[in-house]
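**Student:** Submitted below is the structure of interest, expressed as structure tokens.
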Amino acid sequence: MKIKHHLSDELLMAYAAAELPEAFSLVIASHLSMCDECRARSMAFDALGGAVMEDHAVEMSEGSLAACLDRIDTLPQANARALRRSQGIVPAPLLDYLGGSLDQVKWRPLGLGVRQAILRTSDKGASARLLYIPGGAAVPDHGHRGLELTLVLQGAFRDETDRFGPGDVEVADSSVEHTPIAEEGAACICLAATQGALRFNALLPRLAQPFFRI
Ligand code: ZN
Ligand code: ZN
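Here the sequence shown is numbered in our numbering, starting from 16 and rising by one per residue.
So this is what it looks like as structure tokens:
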């Protein structure tokens with residue numbers, strides 16, 4: 016897999032520190048399971064985080080030291096989870112959210128053949144979804160209230176910024192308004208995490224927005 020668009024150091028550090036909402040951690044863990052380069056960087060951040068905590072351990076109370084050691088124990092497991100086997104185009108970290116396979120996904124239509132499935136995550140401020148975009152179809156152009164991470168699982172899309180193929184992650188924030196269009200051919204399937212609601216620019220999608228929770 017030739018991956019061009021990777022995760023930033025900031026995102027990998029926040030992931031290692033377990034500071035991100037579940038939806039974002041899911042996208043990052045999924046990319047890590049597909050990308051040797053980011054996995055190596057992520058492991059370095061895990062090791063760095065553990066070393067920093069050990070340095071500070073002497074100054075800590077007994078309780079916080081125990082909590083700290085618990086954290087160090089759990090960190091490598093995130094990478095171990097990412098290394099579990101994927102199933103077809105579904106990365107291992109995503110499997111649990113789908114009830115085992117892509118066939119279990121309950122898609123809802125968004126219009127023009129585009130479908131989405133919202134995944135169950137624990138946090139209110141961020142949501143995770145699968146998007147199914149038929150070849151040649153577009154996701155309505157939209158802006159973002161916060162961070163959006165989109166990981167391509169199958170096919171490819173293009174928008175105003177670049178082309179994104181399997182394994183690529185697009186990082187968009189409130190400064191980005193874009194219209195992702197799937198390439199002709201196989202449908203593009205993406206895993207996306209968004210902070211806050213998306214802002215659609217066309218009237219109809221905006222009216223439909225509360226209903227579809229996009
Ligand atoms: Zn990467
Ligand atoms: Zn977007």
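All C-beta atoms, glycine included, are put in the ideal place defined by N, C-alpha and C.
Note down, in chain order, each residue of its chain lying with its Cβ closer than 6 Å to the Cβ of Gly-151, except the 5 sequence neighbours on either side.
**Tutor:** Looking up residue 151 in the sequence shown gives position 136. Correct list, in chain order: Glu-199.
**Student:** Let's test the definition: count the other Cβ atoms within 10 Å of the Cβ of Arg-144 and tell me whether it reaches 16, buried, or not, exposed.
**Tutor:** The sequence position of residue 144 within the sequence shown is 129, counting from 1. Classification of Arg-144: buried, given that the 10 Å Cβ count is 16 or more.
**Student:** Going by DSSP in three states, His-20 sits in which element: helix, strand or coil?
**Tutor:** If you number the sequence shown from 1, residue 20 lands on position 5. His-20 falls in the coil class under three-state DSSP.
**Student:** Determine the DSSP secondary structure at Cys-53, reduced to helix, strand or coil.
**Tutor:** Locating residue 53 in the sequence shown gives position 38, counting from the first residue. It is helical.
**Student:** Would the beta-carbon of His-193 be found less than 7 Å away from any heavy atom of ligand 2?
**Tutor:** Working through the sequence shown from its first residue, we reach residue 193 at position 178. Within the cutoff, so yes.
**Student:** Out of curiosity, what's the CA-to-CA distance linking Ala-171 and Arg-178?
**Tutor:** Looking up residue 171 in the sequence shown gives position 156. Looking up residue 178 in the sequence shown gives position 163. Cα-Cα distance, rounded: 7 Å.
**Student:** Under the criterion of a Cβ to heavy atom distance below 7 Å, does Glu-175 qualify as lining ligand 2?
**Tutor:** Taking the first residue of the sequence shown as position 1, residue 175 is located at position 160. For ligand 2, not one heavy atom lies less than 7 Å from the Cβ of Glu-175.
**Student:** Here's the rule I'm using: 16 or more other beta-carbon atoms within 10 Å means buried, otherwise exposed. How should Lys-17 be labelled?
**Tutor:** Along the sequence shown, one-based indexing puts residue 17 at 2. Lys-17 comes out exposed.
**Student:** Going by beta carbon distance, what residues of the same chain come within less than 8 Å of Asp-174, once the five residues before and after it are set aside?
**Tutor:** Within the sequence shown, residue 174 is the residue found at index 159, counting from 1. Cβ neighbours of Asp-174 beyond the five flanking positions: Glu-185, His-193, Thr-194, Pro-195, Ile-196.
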